[in-house]
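Here's the structure, in structure tokens; my notes come after.
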Amino acid sequence: MFSERTITAALRLLNKSYLFTESVDLERLPGPIEGHGYTLYAHVPFCERLCPYCSFNRFLFHEQRARSYFELLRDEMRMVADLGYDFASLYIGGGTPTILTEELCETIDLARSLFPGIDEVSAETSPNHLTEDTMALLKDRVQRLSVGVQSFDDVLLQQMARYEKYGCGQEVFETVQNAAGHFHSLNVDMIFNFPSQTRSMLEHDIEMVRATGANQTTFYPLMASPKMRGELARTIGQIDYTREVEFYRRICDGLAPEFENSSAWTFSKDKSSMIDEYIVDYEEYVGIGSGAMSFLDGRVYHNTFSLHDYARRIGDGRMSVTKAGHPYNRRARMRYRFVTGLFGLRLDKDNFRRDFGVPIELGLPAEMAFMHLAGGIASDDGHAVTLTDKGRYLLLVMMRETLACSNDVRDHERTLLPADEKMLLFDDKPSCGAPVPAEECLAPS
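Residues 228 to 672 (my numbering) are what the sequence shown spells out, left to right.
What follows is the structure, encoded as structure tokens:
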């Protein structure tokens, strides 16, 4: 698709400057600006197994290391409160935040006490953590629990190094099905366009998601950094972007009408549900924890990826930010609003004019013309812009490339870790490469 290729090429060029950061010496992040709304993101970088396609900051789990980290994370949260912030929502990602459930609960309880504006909490988890005990602890604390499933196909689960840890597709399905109804939103995280994924595999995944009883699902396109694209090509196969739009259409059609788009890649039975991309509701956010990112007043900030450096900085009474980008100019801020608004399916033109002093057609003439010519605009009544099915796909491409560029940054930061921390990036358990016999774990058709 010509429009997809155009966006991909443009974003791969632009994001290098938008996400560029350099070292800074800061005691604290800047404080809040009156009238601005903010979201809090907390990162827990520990997993029992390390998925080879994942570029997020994560290390192999060690209990004492993780407990110490949670204590430091709560200390950094108190520093954020001292700056005067309040938040409408809290997102806890990883890694696997439920790696130590009692520590996670203590962290959520502290956040609610420090930031009384928090109405909703979203946390990520893995299928093996959906136990009765864990769900009992979280059900009154977490409004949205997002389960990293990725696929119900046994061959893909092995290639993703998930089969041995989390079980076969049928076992994961039954675990998720048992958790449905325990939370306001149970989100099933899926990946599509993995190199070896076939159309029949994808259609089976869609059927399985519907059958779980979960009320939300997010189908992420594979967002590989340049390094990961090369590794996948060497071990599994090249990513075929030409079929991505077809796969996306199959997802949309396969989930309808029960599920509707809440964003370009999240589908909910209740469209008002909390979604994973918190920038849709609030453009600005504070990130705490090793490897987290903040975006404040048009500037990107990155926290240290090193656990040692994180502990030292928090112990010294400093926040963990070590790098910052150049402040976005007016055009860059307009583009950021354009993408975040449309990714959430509706761009408010009145707010755009109020905040930037010009109509969006004058502020971003090329971008608006492109979306119209590409057939991406469903309605434009002078007050708001909404998207067609093709438009939603084009926004998915924009976010795919932005997050892939972020993954490239993370890959680079990992190369700078001290030797002992690099050892925590290697899983000591081999992943299976051969298909599992069908009789070993049968999934429903």
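Yeah, the Cβ is synthetic: ideal placement off N, Cα and C, and Gly gets one too. Remember, predicted model here, so these are calculated numbers, not experimental data.
- In terms of Cα proximity to Ala451, the closest of Glu648, Ala407 and Asn420 is Asn420.
- Taken atom to atom, the span from the alpha-carbon of Val348 to that of Leu600 is near 39 Å.
- As a beta-bridge residue in DSSP terms, Leu523 pairs with Arg526.
- A distance below 7 Å separates the beta carbons of Phe532 and Gly518.
- If you draw a straight line from the Cα of Thr469 to the Cα of Glu648, it is about 38 Å long.
- For the pair Asp432 and Phe474, the CB atoms are not nearer than the 7 Å cut-off.
- For Asp543, the secondary structure class from DSSP, reduced to helix, strand or coil, is coil.
- Bridge pairing for Lys550: Ser250 and His529 [DSSP].
- Excluding its 5 nearest sequence neighbours in each direction, His409 has C-beta neighbours in its own chain below 7 Å: Met362 and Lys366, listed in chain order.
- If the five residues before and after Arg545 are omitted, its C-beta is found closer than 7 Å to the C-beta atoms of Glu254, all from its own chain and listed in chain order.
- By the CB criterion at 7 Å, Asp381 and Gly396 fall inside the cutoff.
- When rounded, the separation of the alpha-carbon atoms in Asp616 and Ala237 is 21 Å.
- Using a Cβ-Cβ distance cut-off of 8 Å, the region 293 to 308 and the region 271 to 284 are in contact, since at least three pairs of beta carbons, one from each stretch, lie closer than that value.
- By the Cβ rule, the region 273 to 293 does not count as touching the region 477 to 496, because fewer than three pairs are nearer than 8 Å.
- Nearest Cα to Thr444 within the set Ile478, Asp524 and Pro422: Ile478.
- With fewer than 16 other Cβ atoms from the protein chains shown falling within 10 Å of its own Cβ, Asn556 counts as exposed.
- Here Ser547 is buried: its Cβ has 16 or more other Cβ atoms, across all protein chains shown, within 10 Å.
- Going by C-alpha positions, Leu630 is about 24 Å away from His263.
- The region 571 to 623 contains, as complete beta strand (DSSP E) runs of 3+ residues, the segments 573 to 575, 604 to 607 and 611 to 614 (chain order).
- No Cβ-Cβ contact shorter than 7 Å links Arg573 with Pro554.
- Bridge partners of His270 according to DSSP: Gly320.
- Only residues of its own chain outside the window of five on either side were considered, and among them Arg573, Ala605 and Ser606 have a CB closer than 6 Å to the CB of Thr613, listed in chain order.
- According to the DSSP secondary-structure assignment, Ala350 is paired through a beta bridge with Ile319 and Leu372.
- The three-state reading of DSSP puts Met362 in helix, counting H, G and I together.
- When Cβ pairs closer than 8 Å are counted between the two stretches, the region 369 to 376 is seen to touch the region 342 to 358, the count reaching three or more.
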